[in-house]
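J.: Handing you a structure now.
In the numbering used here, the protein residues as written are 1 to 215.
Right, dumping it as structure tokens:
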């Protein structure tokens, strides 16, 4: 199921949400148009647990390994990876920014992203596979949205063979189902950092009440 939009209007223009989206798109285009191979960027700016956790490991790029928990948030492995994260960020981020305020939302997003990266790193500290993507930070945004607007309707595209419908789903059901999927896939391996999604979501649940301005 794919969220398309919600019925939750905002009071202010979501400038920070748009800036985050623009930054992610700009980084993706820069890497895509660069003459350097994608793998080179991933190992320089992606969060590699083994490089971060093991003391004495030299920096493999222009930034120290610890800084990659930030830079990895703005990199994506492909167009659909980017598009999915930015769609979720746009639908849910504008409302969270509206209730938190621009400065608080900026900090909240980054802190959730770091918490997601730390969760992933310590779930497999010797992994040499880079983690990239905004999914962890966006997971924190989903948690804040759930706390603030559980009854808001998320218009969602459902399809099954020839059955295709756009159905309004309460946010508590949509986000709850999303979180259950993350839990069920935890430890399944593959290219998705499920632990980062869970870490970002839990961080969002814990931190959102501290950042809220008006619910």
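Note that the Cβ used here is the ideal one computed from N, Cα and C, for glycine as well.
For residue 143, count the other beta carbons within 10 Å of its own beta carbon; 16 or more makes it buried, fewer makes it exposed. Which is it?
T.: Stepping through the chain shown from its first residue, residue 143 is reached at position 143. Buried, since its Cβ has 16 or more Cβ neighbours within 10 Å.
J.: Pick helix, strand or coil for residue 193, following the three-state DSSP scheme.
T.: Mapped onto the chain shown, residue 193 falls at position 193. Three-state DSSP puts residue 193 in coil, outside helix and strand.
J.: Quick one: what does DSSP say residue 114 is sitting in, helix, strand or coil?
T.: Counting from 1 along the chain shown, the entry for residue 114 is found at position 114. It is helical.
J.: Are three or more beta carbon pairs between the segment 109-129 and the segment 162-179 nearer than 8 Å?
T.: no
J.: Are there three or more Cβ pairs, one per stretch, closer than 8 Å when the segment 80-99 is compared with the segment 10-30?
T.: At 8 Å Cβ cutoff, the stretches touch.
J.: Per DSSP, what are the beta-bridge partners of residue 131 in this structure?
T.: The count along the chain shown starts at 1 and reaches residue 131 at position 131. For residue 131, which the question treats as bridged, DSSP gives the partners 47.
J.: What are the complete alpha helix (DSSP H) segments, minimum 4 residues, inside the segment 70-129?
T.: Residue ranges of uninterrupted alpha helix (DSSP H) with 4 or more members, entirely inside the segment 70-129 and ordered along the chain, are 79-100 and 102-123.
J.: Express the C-alpha separation of residue 186 and residue 128 in angstroms, rounding to a whole number.
T.: Position 128 of the chain shown, counted from the first residue, corresponds to residue 128. Position 186 of the chain shown, counted from the first residue, corresponds to residue 186. When rounded, the distance between both Cα atoms is 19 Å.
J.: For residue 163, name the three-state secondary structure that DSSP assigns.
T.: Locating residue 163 in the chain shown gives position 163, counting from the first residue. Residue 163 falls in the strand class under three-state DSSP.
J.: How long is the line joining the alpha carbons of residue 32 and residue 84, rounded to whole angstroms?
T.: In the chain shown, counting from the first residue as 1, residue 32 sits at position 32. In the chain shown, counting from the first residue as 1, residue 84 sits at position 84. Looking at the backbone, the Cα of residue 32 and that of residue 84 are separated by about 17 Å.
J.: Give the single residue among 130, 11, 7 and 111 whose Cα lies nearest to the Cα of residue 65.
T.: The sequence position of residue 65 within the chain shown is 65, counting from 1. Nearest of 130, 11, 7 and 111 to residue 65, Cα basis: 130.
J.: What are the partner residues of residue 169, as DSSP defines its beta bridges?
T.: In the chain shown, counting from the first residue as 1, residue 169 sits at position 169. Answer is 154, bridged to residue 169.
J.: Residues in its own chain within less than 8 Å of residue 56 by CB, not counting five upstream and five downstream?
T.: If you number the chain shown from 1, residue 56 lands on position 56. Any reading at residue 56 must be qualified, since the residue scores a pLDDT of 49, below 50, and its modelled position is unreliable; the value itself is stated next. Closer than 8 Å at Cβ, skipping near neighbours: no residue.
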